[in-house]
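Chains as they are written, first to last, in our numbering: chain U, 4 to 307; chain S, 15 to 339. The C-beta atom is built at its ideal place from N, Cα and C for all residues, glycine as well. Working notes, structure below.
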Amino acid sequence: MQTTLVSDPSAPLCVDREGVERWRERRAGFTASDPSRQVTPLLQASSAIRRQVLHTIKAAGLGHIGGDFSVTDILVTLFEVVLRIDPAQPRWPDRDRFILSKGHCAAALYSTLAACGFFSPDRLAHFVADLSPLNGHPNRRKIPGVETNTGPLGHGLPVAVGCATAAQITRKDWRTFVVLGDGELQEGSNWEAAMCAAHRHLGSLTAVVDRNRLQQGASTADTNELEPLADKWRAFGWDVLTVDGHSHAELIQALSTPHPAQPRVVIANTIKGKGASFMENGVEWHHKVPSDAQFEIALKELAQ
Amino acid sequence: MSNEENTVVGTAVTTFDCRQAFVEELIALARKDDRIVAVCNDSVGSSNLGAFKKEFPDRLINVGIAEQNMVGVAAGLANGGLLPFVCAASPFLTGRSLEQIKADVAYSNFPVALCGMSPGMAYGELGPTHHSIEDLAWIRAIGSLAAIVPADPAETRAVLRWFVGAESPAFIRVSRYKVPAVMPEDHAFELGRSVTLREGSDVTIMAIGTMVSRALDAAALLADQGISARVINTSSVKPLDADAVLRAARETGAIVTVEEAIIYGGLGGAVAELVVQHHPVPMRIMGVPDFAPTGSTTFLFKHFGLTAEGIAQQARSLLDTRKEK
Numbered sequence: 004m005q006t007t008l009v010s011d012p013s014a015p016l017c018v019d020r021e022g023v024e025r026w027r028e029r030r031a032g033f034t035a036s037d038p039s040r041q042v043t044p045l046l047q048a049s050s051a052i053r054r055q056v057l058h059t060i061k062a063a064g065l066g067h068i069g070g071d072f073s074v075t076d077i078l079v080t081l082f083e084v085v086l087r088i089d090p091a092q093p094r095w096p097d098r099d100r101f102i103l104s105k106g107h108c109a110a111a112l113y114s115t116l117a118a119c120g121f122f123s124p125d126r127l128a129h130f131v132a133d134l135s136p137l138n139g140h141p142n143r144r145k146i147p148g149v150e151t152n153t154g155p156l157g158h159g160l161p162v163a164v165g166c167a168t169a170a171q172i173t174r175k176d177w178r179t180f181v182v183l184g185d186g187e188l189q190e191g192s193n194w195e196a197a198m199c200a201a202h203r204h205l206g207s208l209t210a211v212v213d214r215n216r217l218q219q220g221a222s223t224a225d226t227n228e229l230e231p232l233a234d235k236w237r238a239f240g241w242d243v244l245t246v247d248g249h250s251h252a253e254l255i256q257a258l259s260t261p262h263p264a265q266p267r268v269v270i271a272n273t274i275k276g277k278g279a280s281f282m283e284n285g286v287e288w289h290h291k292v293p294s295d296a297q298f299e300i301a302l303k304e305l306a307q
Numbered sequence: 015m016s017n018e019e020n021t022v023v024g025t026a027v028t029t030f031d032c033r034q035a036f037v038e039e040l041i042a043l044a045r046k047d048d049r050i051v052a053v054c055n056d057s058v059g060s061s062n063l064g065a066f067k068k069e070f071p072d073r074l075i076n077v078g079i080a081e082q083n084m085v086g087v088a089a090g091l092a093n094g095g096l097l098p099f100v101c102a103a104s105p106f107l108t109g110r111s112l113e114q115i116k117a118d119v120a121y122s123n124f125p126v127a128l129c130g131m132s133p134g135m136a137y138g139e140l141g142p143t144h145h146s147i148e149d150l151a152w153i154r155a156i157g158s159l160a161a162i163v164p165a166d167p168a169e170t171r172a173v174l175r176w177f178v179g180a181e182s183p184a185f186i187r188v189s190r191y192k193v194p195a196v197m198p199e200d201h202a203f204e205l206g207r208s209v210t211l212r213e214g215s216d217v218t219i220m221a222i223g224t225m226v227s228r229a230l231d232a233a234a235l236l237a238d239q240g241i242s243a244r245v246i247n248t249s250s251v252k253p254l255d256a257d258a259v260l261r262a263a264r265e266t267g268a269i270v271t272v273e274e275a276i277i278y279g280g281l282g283g284a285v286a287e288l289v290v291q292h293h294p295v296p297m298r299i300m301g302v303p304d305f306a307p308t309g310s311t312t313f314l315f316k317h318f319g320l321t322a323e324g325i326a327q328q329a330r331s332l333l334d335t336r337k338e339k
C-alpha cells in the first residue's frame, strides 16, 4: 500500500476498477466462510489500513492519527463485511448509508474507501494537498463513498436519522450506519437526534460509538463525563450493545443484524492510537504527527 | 385568509398571508411528486401545514422542538432521494441551525428547501428573540446558497414550483404579514432574475417581500410629485440580478433598497456591493437598524419608516442630496 504520486493533486477521484474487483473477491470470501475464519484476514486488513494511515499522515504532515487508529477496526468491519455497497456505483440508490460523524478521522475513512476501490490508493498521497479532493474533513461533492460532509461535531447522527427516515418512508430495506466519536456526544444535537430516532422506531439505524475515552485535550471523564453512557442511550429508547471495538468478530455480530423496531447503538470500547504502542491511550496523539523514528517503530509494530 | 386594508393611496385592497398559498402549492406539488416531504419543529400550526398533514400523514416529519436535528434530518432525507421542505419559524430555522444549514445542506449540496416562515418582524409584539431580521445576512454569507424572498402569494407559489426542479438548496422566506397581490397569477420564478414592476427614470426602488407593494405605493406618491421612480421586485436576493441592478444604476442614477430585515448584509448590502464596484451611485438602504422595540408589525413598519410615505421621503431626500452635489 506504499503510495506513489501518480497525478495532479486536483484531479477528480474516480473508481479503481481493479481495486473494486479485489474488494468483491474478499467480500465473497467473507460471505462464504464462517465467522471464525474471517478474523485473520480482517486483522490483516486493519493493519494494512493503519499502515496506510501512518504513511498518509506522515507524508501530509497533519492528521488525527490517534482517532484514526481507534476507529480502524470498526471501518474495516463495516466496509469489508457488513455494508451493502458497490464501490463501482457510489450513488447506487439502494446502498447502505455510512456516515463518519467524527469527520476529523478522514485519513482512516479515505484509506478504507481506497481499499474498497472507490478510488485508487495512489491518490492518498494527495491527502490535504493544495486543491486535492481529499480535504482534511470528508466532502461528498468530491469523494465517492462519502454520504454527507462532516467535520463540525454532532452533525452525523441527525443526518443518519434523516437517511433512515427516508428508507422508512419509501419502504426500502437499506440500512444506515453512523460512527460517532465519544467526545462528540457532548454535542446536544446528538441527543435531539437520539430522541427522534427512537420515536420513529428506526430499526434500520445503527450508531457506533468509538469509545476511546479521550478527546482533544483530556479524557472524556475529566472534561465532561459521559458515563453512564449505555444507560443514557437506553433511556433515550435505543437498543444498546457494548463490544470490544478492536474485535472484528464482536463487531460483525453487533452490526450484521439490526434490531427489528429500535435504533441500535454499539458502544465500541477502543484504544486511541491502537496498534502503535507509544501512541496507545496517549492524549497527545489526537493530532500529533510521528517523528521519523516514531514512524519506523509504528510501521514495524503494524507489520506484525 | 384575506382582509381589507386601506393603503396610502386610498383604495381598499385585498391582502394575503403567503403561508396559505405556500401550503396549497406544496400539496399540489406533493400530489404529483412522491419525493416531496415536509419537515418541521412542532410547527404544524405556525407553518400552516395542517392540510398537508391531513393528506400526507407519512410525509410530514415533525421532529419536535429540535432545530439542529430538523435540518440534519432534512439533509439525510435528501440523501435518501426525497425532496424536503423544512418549514419552521425563520428566526429558529436560521439562527439555531445555522451550522447545519452551512455544513449539512449547503456545503453538502443537498436539495433542501429551507422555508423561513413568518420572517422579519411578523411576530411583532413577541420581540427581537422572535424576529428574524438577521436571516438574510446569515444566509447570504453561506457559499452559493440561494436566498429568495417572494413578494406575494403568486410569487410564493412560483418559487415552490421552481424549487422542485432546482437540484440545489435554497432559503425561501414565506411572509405571514398580509400583503396585496403584486405579481401576475401565472408568474414563473427564475433564480437570479428580478421583475421590474414599474418603469421610471429618476430613481430606482428595489424591494423584497412585504416591502414590494409599499414600494409601488411610494412610486405612485412620487409620481404625484413629478418624480419618476422605477420599482424592482428583487426577490432573488442571492444570486442577485446584476444586470437589472447595474441598469438601474446607469439609467436612474439613484437606488433605494427596502427590506424587512436588518440594514447590514441583506438586500441593501448585496446591491451596494455590486453598485460600488461597478457603477457607483448614491443609495439609501432602508430596513431595521437594530433590535426592534415592542410593537405590532404594522406599528414597527411605521416606526422604521417602512411605509409608502417613508420610502417616498427617502427617495426624495436622496434625489435632493444628489442635486446639492
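Spatial neighbours of residue i within its chain, please: CB distance less than 6 Å, with the 5 preceding and 5 following residues excluded, ordered by chain position.
i               : result
E39 of chain S  : R171, L174
Q114 of chain S : Q82, V85, G86
S13 of chain U  : L134
For the alpha helix (DSSP H) that residue i lies in, which residues bound it at each end?
i               : result
M225 of chain S : 225–238
M84 of chain S  : 81–93
T266 of chain S : 256–266
G32 of chain U  : 20–35
A65 of chain S  : 64–69
D295 of chain U : 295–305
A102 of chain S : It is not in any alpha helix (DSSP H) - A102 of chain S instead sits in the beta strand (DSSP E) that spans 97–103.
M198 of chain U : 191–202
E273 of chain S : Note, E273 of chain S: premise wrong, no alpha helix (DSSP H); beta strand (DSSP E) at 269–276.
By the criterion of Cβ-Cβ separation under 7 Å, what are the contact partners of residue i in chain S?
i               : result
P293 of chain U : Chain S residues near P293 of chain U: none, gap ~30 Å exceeds 7 Å.
A155 of chain U : Sequence check: residue 155 of chain U is Pro here, not Ala. Within chain S, the residues near P155 of chain U are E113, A117.
C108 of chain U : Per Cβ cutoff of 7 Å: no residues; C108 of chain U is ~16 Å from chain S at best.
R143 of chain U : S122
P96 of chain U  : G95
Output needed for residue i: all residues of its chain with C-beta closer than 7 Å, excluding positions within five of it in sequence on either side, in chain order.
i               : result
P141 of chain U : L103, G106, A109, L112, V149, N152, T153
H292 of chain S : L260
D19 of chain U  : G120, F122, S123
A201 of chain U : F239, G240, W241, Q265, P266
L107 of chain S : E81, V100, L128, G130
A161 of chain S : L150, I153, R154, F185, V251, K252
S259 of chain U : V85
Which bits of chain U does residue i rub up against, with CB to CB less than 7 Å?
i              : result
I75 of chain S : T168
Is there a Cβ from chain S that is less than 8 Å from the Cβ of residue i?
i               : result
V164 of chain U : yes
C17 of chain U  : no
E195 of chain U : yes
S36 of chain U  : no
S192 of chain U : yes
C199 of chain U : yes
S10 of chain U  : no
A296 of chain U : no
If you measure from the beta carbon of residue i to each beta carbon in chain U, is any gap under 8 Å?
i               : result
A44 of chain S  : no
D72 of chain S  : yes
Y191 of chain S : no
Q82 of chain S  : yes
Using a C-beta to C-beta distance shorter than 8 Å, which residues of chain U count as neighbours of residue i?
i              : result
N93 of chain S : R100, E150, T151, V162, G165, C166, A169
What does residue i reach in chain S if we use C-beta pairs closer than 8 Å?
i               : result
H158 of chain U : G86, E113, Q114, A117, D118
P136 of chain U : Those do not exist, as P136 of chain U stays about 14 Å from chain S at its closest Cβ, beyond 8 Å.
Excluding the five sequence neighbours on either side, which residues of its own chain have a C-beta within less than 8 Å of the C-beta of residue i, listed in chain order?
i               : result
Q328 of chain S : V270, R298, M300, G319
I30 of chain S  : Position check: residue 30 of chain S holds Phe in this sequence, whereas Ile was assumed. M15, S16, D166, P167, K192, V193, P194, A195.
Under 9 Å Cβ-Cβ, which residues of chain U neighbour residue i?
i              : result
V51 of chain S : T168, A169, I172
G90 of chain S : R100, I102, E150, T151, P161, V162, A163, V164, G165, C166, A167, T168, A169, T179
Locate the beta strand (DSSP E) running through residue i, then write down its first and last residues.
i               : result
N284 of chain U : No beta strand (DSSP E) contains N284 of chain U, which DSSP labels as neither H nor E.
I115 of chain S : I115 of chain S -> no beta strand (DSSP E), and no H or E assigned at all.
D31 of chain S  : Careful: D31 of chain S lies outside any beta strand (DSSP E) and carries neither H nor E.
S250 of chain S : 250–252
D213 of chain U : 208–214
Check the Cβ of residue i against every Cβ in chain S and list those closer than 9 Å, keeping chain order.
i              : result
R40 of chain U : In chain order: nothing, as chain S lies at least about 35 Å away.
Could you tell me whether any non-hydrogen atom of the ligand GDP is closer than 7 Å to the CB of residue i?
i              : result
D89 of chain U : Absent from the structure shown: the ligand GDP. Ligands present: none.
Touching by the beta-carbon criterion (3+ pairs, under 8 Å), the stretch 126–137 of chain S and the stretch 292–302 of chain U: no
The stretch 203–221 of chain S contacting the stretch 230–246 of chain S, beta-carbon criterion three pairs below 8 Å: yes
The stretch 99–110 of chain S touching the stretch 49–67 of chain S, judged by at least three CB pairs closer than 8 Å: yes
Touch test, the stretch 179–192 of chain S against the stretch 111–129 of chain S, Cβ-Cβ under 8 Å, three pairs minimum: Result yes; three or more Cβ-Cβ pairs closer than 8 Å.
Three-pair Cβ contact test at 8 Å for the stretch 192–202 of chain S versus the stretch 300–318 of chain S: no
Validate contact between the stretch 172–179 of chain U and the stretch 31–38 of chain U using beta carbons, cut 8 Å, 3 pairs: no
The stretch 184–193 of chain U / the stretch 89–97 of chain U touching (three or more Cβ pairs under 8 Å): Short answer: they don't touch.
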